[in-house]
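The block underneath contains the structure these notes are about, expressed in structure tokens.
2 protein chains.
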Amino acid sequence: MTSPGRRRPPTAQQFVLGELRRAITTGRLRPGAPIRQDALAEELGVSRVPLREALKTLQGEGLVTYQAHHGYSVEELSLDDLREVYRIRQLLEEEAARQALVRLTGDDLAALGKAQREVERADAAGDVLEMAEANRRFHTILFECAGMPRLTRLIGTLWDSTDAYRSIYYGEALNRARVIAEHRALLELLRRRDADATVRLLDEHRAHAVTALEQLMDAPER
Amino acid sequence: MTSPGRRRPPTAQQFVLGELRRAITTGRLRPGAPIRQDALAEELGVSRVPLREALKTLQGEGLVTYQAHHGYSVEELSLDDLREVYRIRQLLEEEAARQALVRLTGDDLAALGKAQREVERADAAGDVLEMAEANRRFHTILFECAGMPRLTRLIGTLWDSTDAYRSIYYGEALNRARVIAEHRALLELLRRRDADATVRLLDEHRAHAVTALEQLMDAPER
DNA sequence: ATAATCAATACTGGATCCAAAATACGTCCT
DNA sequence: AGGACGTATTTTGGATCCAGTATTGATTAT
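Chains as they are written, first to last, in this note's numbering: chain A, 385 to 606; chain B, 385 to 606.
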């Protein structure tokens, strides 16, 4: 049963773009794997033209790499790369959070609460993928309150670029529990409009993900 | 006939990408103008396929907008948009500058000095376009010293996204003189490894550009 | 005259086909 | 046997053609 929100987009390239994102985040396309256009296009039921346009978009977002006459591969991130992405996120998300707190309305808080309930429901149902998506919505709602569309978009692409690795983090029940607890604390800080504490908590939230990734990536190639 | 001296890239899409960038930065393609693929492709001597891939890249960088079934247009930035871009640049360039200062070598300083001399030579020769490019090189060299490739790339795309407006700034002789003076001061601060002062100067450097844009964009439409 | 409707046109989106480049492989020579 | 060369195959890059959608302009009814 396809969810009502997931109807097929109006153009093939947008459809393909979504499918590729899913394939990368779920690990069906592994980091480092070369992308055979012919096979993929046939598998998705489209020609190579829209596929290539979707790949160009992903290239711009850093999810795939491209080399002329060699084609595309799923971007492979080293630990240092991941740390860099998280560092940049820290810089941008601090700004977004502070600006968001300036403009935060009651409606926004209600929307955040709703998203949080969805996160918890997905966790209870054991739907890891849905939980990751709900978590993403939660943060996106917050950042959008800043009223800086480019900033929000940049942060979004940074999240995307590490999606392939995030699923690992959400695989652990302990991490999921921590995410929920931190979200609840975050909501409380937002209600109190405590910018400094909010930024601090977001930093910790991120740091936990980084340390988890550090442990998992040091581990032998499962 | 293709421009002499400028070697044509190995793929048509890369060639087109460069041409489009030039067309936008030099104002041949004005902000807000719709992009007619057929006409442009013919003008560039390629088919629409590589043109569309180049446009997808530019879309990812925020130089053009895309709407399904409506096509691409050159991105039109409001004053608020420009301010947002410059604010994000401030956040990212502070990090880049501070990290760069940690790792800056004598060779790097020499490279910066060389770039600065190129800026001044272009100014003396009255070559505004070349001066803008040399200025870009100067800052890029500095940011690259940070050893954070994604950060450097992000900053680069932010520069790109306002290229169409930057040329206005460089049109004024007064602005060009100020840029040169600020660069010299910057070099001195870098040699002294004064991070705080460097960041402060970069902020001013940027603020000047913003105020200049504010005045020019308030002015009656050209 | 104005607004709504419908046909004609222009433009984008996508599929197929062809060309060019890179890779894989087998052969030949030393 | 090992390496170099040349051919065959695979894969990407690009051009052309067709289909679907949006826009424009004309026509008609109110």
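Cβ coordinates follow ideal geometry from the N, Cα and C atoms, glycine included.
In this chain, the beta strand (DSSP E) harbouring A:V448 covers V448 to Q451. Within the region 450 to 488 of chain A, complete beta strand (DSSP E) segments of at least 3 residues are found at 455 to 458, given in chain order.
Straight-line spacing of the CA atoms in A:V503 and A:A516 works out to 8 Å. Its chain contains A499, E502, V503 and A506 as the residues whose beta carbon lies nearer than 7 Å to that of B:A518, once the 5 sequence neighbours on both sides are disregarded; these appear in chain order.
For the region 575 to 589 of chain A, the beta-carbon criterion of a distance under 9 Å to any beta-carbon of chain B is satisfied by none of its residues. It is roughly 7 Å from the alpha-carbon of A:N559 to the alpha-carbon of A:Y553.
When the alpha-carbon of A:L570 is set against those of A:L496, A:M601, A:D544 and A:Y549, the nearest one is in A:L496. Residue range A557 to R575 is occupied by the alpha helix (DSSP H) that includes B:A565.
In the DSSP secondary-structure assignment, A:I419 is bridged to A:Y456.
B:G444 has a beta carbon lying within less than 7 Å of a beta carbon in chain A. In this structure, B:L535 sits away from A:I564, with a CB-CB distance that is not shorter than 7 Å.
At a cut-off of 7 Å between beta carbons, B:I419 makes no contact with chain A.
The three-state secondary structure of A:R392, taken from DSSP, is coil. Scanning chain A for C-beta atoms nearer than 9 Å to the C-beta of B:Q398 yields A452, reported in chain order.
Cβ atoms of B:T449 and B:L401 stay farther apart than 8 Å, at about 17 Å. Within chain B, the residues M532, R534 and L535 have their CB atoms less than 7 Å from the CB of A:E468, given in chain order. A:W543 has its alpha-carbon roughly 20 Å from the corresponding atom of A:A417. In this structure, B:L463 is the residue among B:R550, B:E427 and B:L463 with its C-alpha nearest to the C-alpha of B:E598. One finds E437 in chain B with Cβ atoms closer than 7 Å to the Cβ of A:R436, taken in chain order. Within a 10 Å sphere around the beta-carbon of B:V469 sit 16 or more other beta-carbons, which makes this residue buried. Contact of A:I552 with chain B is not assigned, every C-beta pair being separated by 7 Å or more. Annotated three-state conformation of B:R436 is helix, per DSSP.
Two segments are said to touch when three or more pairs of C-beta atoms, one from each, lie closer than 8 Å; by this definition the region 424 to 439 of chain B does not touch the region 519 to 526 of chain B. Contacts with chain A at 7 Å (Cβ-Cβ) do not include B:I539. Across the structure, A:G510 and A:R412 are spaced so that their CA atoms are roughly 20 Å apart. Taking 7 Å as the upper bound on Cβ-Cβ separation, chain A lies near residues I472, L475, L476 and E479 of the region 470 to 489 of chain B. With its beta carbon at least 7 Å from every one in chain B, A:P415 lies outside the interface. Among the CB atoms of chain A, one or more fall inside 7 Å of the CB of B:T441.
Around the C-beta of B:E572, fewer than 16 other C-beta atoms lie within 10 Å, and the residue is accordingly described as exposed. In the structure shown, B:T536 falls within a helical segment according to DSSP collapsed to helix, strand and coil. For A:I539, the CB contacts under 7 Å within the same chain, skipping 5 residues up- and downstream, are R473, L476, E477, A480 and F527 in chain order. By the neighbour-count criterion, in which a residue is buried when 16 or more other Cβ atoms sit within 10 angstroms of its Cβ, A:R577 is exposed. Sorting B:T541, B:S551, B:T546 and B:R568 by C-alpha distance to the C-alpha of B:F522 places B:R568 at the top.
Closest option to B:A484, judged by alpha-carbon separation, among B:R590, B:A438, B:R520 and B:P533: B:P533. Within chain A, the C-beta atoms nearer than 8 Å to that of B:V433 come from V433, in chain order. Among the residues of chain A, those whose CB is under 7 Å from the CB of B:T395 are A452, following chain order.
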